[in-house]
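The block underneath contains the structure these notes are about, expressed in structure tokens.
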Amino acid sequence: IYEDPQHHSLLRLAWNKQDPNYLATFAIDSMEIVILDVRIPCTPVARLNNHRSGVNGIAWAPHSACHICTAGDDRQALIWDIQQMPRAIEDPILAYTAEGEINQVQWSTTQPDWIAICFNN
Numbered sequence: 001i002y003e004d005p006q007h008h009s010l011l012r013l014a015w016n017k018q019d020p021n022y023l024a025t026f027a028i029d030s031m032e033i034v035i036l037d038v039r040i041p042c043t044p045v046a047r048l049n050n051h052r053s054g055v056n057g058i059a060w061a062p063h064s065a066c067h068i069c070t071a072g073d074d075r076q077a078l079i080w081d082i083q084q085m086p087r088a089i090e091d092p093i094l095a096y097t098a099e100g101e102i103n104q105v106q107w108s109t110t111q112p113d114w115i116a117i118c119f120n121n
């Protein structure tokens with residue numbers, strides 16, 4: 001069972017739709033997304049650290065086992081390619097800056113190139 005090292009409550013989680021061994025989660029007010037492998041749930045297989053403010057949402061690509069979108073208070077929606085796990089993942093492959101803090105993100109199941117975000121304006 002995974003616990004945040006600072007003992008903060010985990011805020012959200014999302015299962016990988018293509019590989020059920022992986023899930024992503026983050027703690028409240030955290031700028032870091034943690035990728036877990038349920039076969040070894042105590043130790044994260046990856047940490048995504050490019051947000052500059054708290055993360056609010058995560059969504060796995062429904063068509064790919066190695067792509068995830070993260071979004072947060074820094075107005076950034078970041079798309080990551082995690083296929084190099086367990087090596088460190090330094091930077092996202094794409095970034096979008098919204099007009100306000102992003103509250104939620106959802107990847108379309110019918111249009112794999114479309115990601116919806118909700119943000120404060």
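Going by the UniProt record's numbering, the sequence shown opens with residue 1, and the numbers climb by one from there.
Glycine is no exception: its CB is placed at the ideal position from the N, C-alpha and C atoms.
Beta-carbon separation of residue i and residue j under 8 Å?
i: Pro92; j: Leu78; result: yes
i: Ile115; j: Trp107; result: yes
i: Ile35; j: Pro44; result: yes
i: Ile33; j: Leu23; result: no
i: Gly54; j: Ser30; result: yes
When we look at the beta-carbon of residue i and count the other beta-carbons within 10 Å, is it buried (16 or more) or exposed?
i: His67; result: buried
i: Thr97; result: exposed
i: Asn21; result: exposed
i: Thr25; result: buried
When DSSP builds the beta bridges, which residues end up paired with residue i?
i: Arg12; result: Phe26
i: Val55; result: Gly72
My understanding is that residue i touches residue j, with C-beta atoms under 8 Å, so please give their C-beta distance in whole angstroms.
i: His51; j: Gln76; result: 6 Å
i: Ile28; j: His7; result: About 11 Å separates the two Cβ atoms, so there is no contact after all.
i: Ala88; j: Asn16; result: So it is not a contact: roughly 19 Å between Cβ atoms.
Any beta carbon of chain B sitting closer than 8 Å to that of residue i?
i: Thr97; result: Absent from the structure: chain B. Only one protein chain is present.
Indicate, with yes or no, if the ligand NAP has a heavy atom lying under 7 Å from the CB of residue i.
i: Cys69; result: Absence of the ligand NAP from the depicted structure is noted, as is the absence of any ligand whatsoever, leaving it without description.
Check: Hey, is the stretch 69–81 in contact with the stretch 93–113, meaning 3+ C-beta pairs nearer than 8 Å?
Finding: Result yes; three or more Cβ-Cβ pairs closer than 8 Å.
Note to self: Three or more C-beta pairs under 8 Å: does that hold for the stretch 80–87 against the stretch 52–61?
What the structure shows: The stretch 80–87, when compared against the stretch 52–61, does not touch it at the 8 Å Cβ threshold.
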